[in-house]
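Taking the UniProt record's numbering, I'd label the letters of the sequence shown as residues 10 to 349. Ideal Cβ positions, reconstructed from N, Cα and C, are used throughout, including at glycine. Report on the following structure.
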Amino acid sequence: DLPSPVLAIESSCDDTACAIVAADGTIMAEATLTQSGHVPFGGVVPEIAARAHLGALPALVRDVLDRAGMRPGDVGAVAASCGPGLIGGLIVGANFAKGLALAVGRPFIAVNHIEAHALTARLPGITPDGAPFPYLLLLVSGGHCQCIAVEGVGRYRRLGGTIDDAAGEAFDKVAKMLGLGWPGGPAVEALARQGDPTAFALPRPLMGRAGCDFSFSGLKTAVAQKLAPHDRAALPHDVAAGLAASFQMAVSDIVADRIEHALDMMPDARGLVAAGGVAANTALRARLTGIAQARGLPFAAPPLRLCTDNAVMVAWAAIETMREAASRNLPIPDDIALRP
Ligand code: KG4
Ligand code: ZN
Numbered sequence: 010d011l012p013s014p015v016l017a018i019e020s021s022c023d024d025t026a027c028a029i030v031a032a033d034g035t036i037m038a039e040a041t042l043t044q045s046g047h048v049p050f051g052g053v054v055p056e057i058a059a060r061a062h063l064g065a066l067p068a069l070v071r072d073v074l075d076r077a078g079m080r081p082g083d084v085g086a087v088a089a090s091c092g093p094g095l096i097g098g099l100i101v102g103a104n105f106a107k108g109l110a111l112a113v114g115r116p117f118i119a120v121n122h123i124e125a126h127a128l129t130a131r132l133p134g135i136t137p138d139g140a141p142f143p144y145l146l147l148l149v150s151g152g153h154c155q156c157i158a159v160e161g162v163g164r165y166r167r168l169g170g171t172i173d174d175a176a177g178e179a180f181d182k183v184a185k186m187l188g189l190g191w192p193g194g195p196a197v198e199a200l201a202r203q204g205d206p207t208a209f210a211l212p213r214p215l216m217g218r219a220g221c222d223f224s225f226s227g228l229k230t231a232v233a234q235k236l237a238p239h240d241r242a243a244l245p246h247d248v249a250a251g252l253a254a255s256f257q258m259a260v261s262d263i264v265a266d267r268i269e270h271a272l273d274m275m276p277d278a279r280g281l282v283a284a285g286g287v288a289a290n291t292a293l294r295a296r297l298t299g300i301a302q303a304r305g306l307p308f309a310a311p312p313l314r315l316c317t318d319n320a321v322m323v324a325w326a327a328i329e330t331m332r333e334a335a336s337r338n339l340p341i342p343d344d345i346a347l348r349p
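See the structure below:
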């Protein structure tokens with residue numbers, strides 16, 4: 010029998026999260042706090058993030074335990090995201106989890122943050138078929154943009170990824186240029202709905218090239234150039250909306266092309282899964298759904314709160330890891346190196 014339930018902590022970026030999940034995937038309680046201290050800076054400040062995790066974790070963990078009707082000693086195992094991510098926050102979360110595990114005499118499980126995103130689609134209830142291996146994962150967030158062949162628990166093959174910015178970063182930069190605030194993805198999407206996606210001719214870097222790498226920095230620069238002749242303080246609405254729509258269309262075209270290539274590289278894929286904050290984008294989701302349908306594959310994207318950084322995915326990855334280790338008579342990985 011697997012240790013259950015798992016209490017997990019996520020602190021790799023600007024979300025402080027805790028969740029308690031039973032071995033069968035039942036979410037007993039969860040909470041995510043998005044830090045507000047970064048807003049004036051228009052991006053995540055690592056030092057602020059680490060200190061905010063340190064301040065928020067004790068009360069957050071207590072609150073999640075209370076809501077699950079549990080005491081610390083009722084927890085079967087403790088897990089934490091141990092990288093990749095911002096090192097200060099990772100150390101805070103991993104050490105909090107290790108201390109808790111030590112105090113209650115339960116195992117500690119180190120979880121890779123990308124692996125947690127990769128396995129979320131398999132959480133019971135997310136997809137009708139439970140996302141059987143192997144599947145293609147598109148991870149698109151503010152920090153990540155990559156295509157991963159998910160072949161099994163602990164078995165991942167990176168097919169391609171960004172050679173410069175992540176897609177979410179490009180959305181955030183374009184939002185900043187258009188004066189929309191941070192984080193900018195949802196604001197760009199809302200504005201794009203009012204604009205003409207053919208209003209501006211924008212480049213689609215790497216489109217048509219072999220493989221499935223991504224590049225967004227040239228697109229970002231092109232948006233800045235289109236804006237250059239305008240007074241940004243008095244930007245006409247149709248220009249702003251047209252640029253947002255043209256930019257979103259360019260991103261969708263790029264991602265669609267890269268995913269077609271990634272699926273060609275993975276002929277045994279049984280499904281397409283998207284995760285990360287940008288996977289919330291409706292236009293992008295529609296494109297991905299179309300691509301999967303044309304190939305007779307299911308497309309799945311976890312609901313938004315499980316698509317962005319959260320602790321449920323960390324708990325679930327720990328559960329899948331423990332199950333895999335048990336089936337092979339291997340020890341539970343309790344000390345992977347913290348990786349920035
Ligand atoms: O996964 P996430 O919450 O955090 C990490 O970066 O790890 O992703 C946040 C990113 C931000 O860049 C945000 O602008 C983008 O996801 N995003 C979106 C949308 N919602 C969030 N981008 C495009 N369209 C959206 N609807
Ligand atoms: Zn993430």
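Given 7 Å as the limit, tell me if residue i has its C-beta closer than that to any heavy atom belonging to the ligand KG4.
i, result
"residue 266", "no"
"residue 289", "yes"
"residue 134", "no"
"residue 50", "no"
"residue 178", "yes"
"residue 173", "no"
"residue 204", "no"
"residue 195", "yes"
"residue 124", "no"
"residue 181", "yes"
"residue 192", "yes"
"residue 22", "yes"
"residue 170", "no"
"residue 19", "no"
"residue 39", "no"
"residue 152", "yes"
"residue 56", "no"
"residue 188", "no"
"residue 97", "no"
"residue 285", "yes"
"residue 160", "no"
"residue 329", "no"
"residue 198", "yes"
DSSP puts residue i in a beta bridge; with which residues?
i, result
"residue 167", "157"
"residue 29", "16, 38"
"residue 3", "Any property of residue 3 remains undetermined from this structure, which presents the chain solely from 10 to 349."
"residue 308", "281"
"residue 350", "Outside the shown range of the chain (10 to 349) lies residue 350, about which nothing can therefore be said."
Under a three-way DSSP split, which group does residue i fall into?
i, result
"residue 224", "coil"
"residue 338", "coil"
"residue 90", "strand"
"residue 149", "strand"
"residue 43", "strand"
"residue 135", "coil"
"residue 333", "helix"
"residue 172", "coil"
"residue 53", "coil"
"residue 260", "helix"
"residue 180", "helix"
"residue 273", "helix"
"residue 344", "coil"
"residue 205", "coil"
"residue 240", "coil"
"residue 10", "coil"
"residue 69", "helix"
"residue 191", "coil"
"residue 217", "coil"
"residue 81", "helix"
"residue 349", "Per-residue confidence for residue 349 stands at a pLDDT of 43, beneath the threshold of 50, marking its modelled position as unreliable; no derived number is given."
"residue 210", "coil"
"residue 162", "coil"
"residue 291", "helix"
"residue 318", "coil"
"residue 324", "helix"
"residue 140", "coil"
"residue 233", "helix"
Relative to the ligand ZN, what is the chain-ordered list of residues with a Cβ closer than 6 Å to any of its non-hydrogen atoms? 122, 126, 150, 318
Residue ranges of each alpha helix (DSSP H) run of no fewer than 4 residues wholly in the segment 92-134, ordered along the chain? 96-113, 122-128
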